[in-house]
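Undergrad: My structure is below; once you've seen it, I'll send some questions.
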Amino acid sequence: MKAGAGHKAIVLNTFPGKGMPLVESLFSRGLKMVDLQHARGSFPGGPVDRKGDPVQTEIEIVTCVVEESVSGGIFSLIHELAGLDKQCGGFMYMRTLNASTTLNLPDKSAIESRP
């Protein structure tokens, strides 16, 4: 599927260990444009340690690109699978995807045949 106009990007920020099971579940349901990233940092007004230094927090970021026509259903599915209705479930939003580049991976046999 080529992504661009007519697609939505669903982005979930969640806690470490929750991203990969979600990605695997989405893949098993036929969604192929899913990405998992890890991030660490602090934010203004966030928690501080005893010395007053900002505490760094780790999160996992799951991004799923879907056609606009099914985006509401996929959003609800991710909401349920990620447990966003429970405390510490994470934060999720959806946005319109205006443009995207195509990534074509080489055929697996071409990689294996390299010397």
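If you count the sequence shown from 1, position 57 lands on 237 in the working numbering, and the numbers rise without skipping. We treat Cβ as the ideally placed atom computed from N, Cα and C, and that holds for glycine.
1. Could you compute how far the alpha carbon of residue 209 sits from the alpha carbon of residue 234?
2. Considering only C-alpha positions, which residue in the set 259, 225 and 276 is nearest to residue 157?
3. Where do the ends of the beta strand (DSSP E) carrying residue 221 lie?
4. Going by CA-CA distance only, name the one from 237, 218, 212 and 230 that's closest to residue 224.
5. Enumerated in chain order, which unbroken segments of the alpha helix (DSSP H) with a length of 4 residues or greater are wholly contained in the stretch 187–265?
6. Can we say the stretch 237–257 touches the stretch 212–221, given the rule of at least three CB pairs closer than 8 Å?
TA: Inspection of the coordinates gives the following:
1. 39 Å
2. Because the chain here runs from 181 to 295, residue 157 falls outside it and cannot be looked at.
3. 214–221
4. 237
5. Listed in chain order, the complete alpha helix (DSSP H) runs (minimum 4 residues) inside the stretch 187–265 are 199–208 and 251–262.
6. yes
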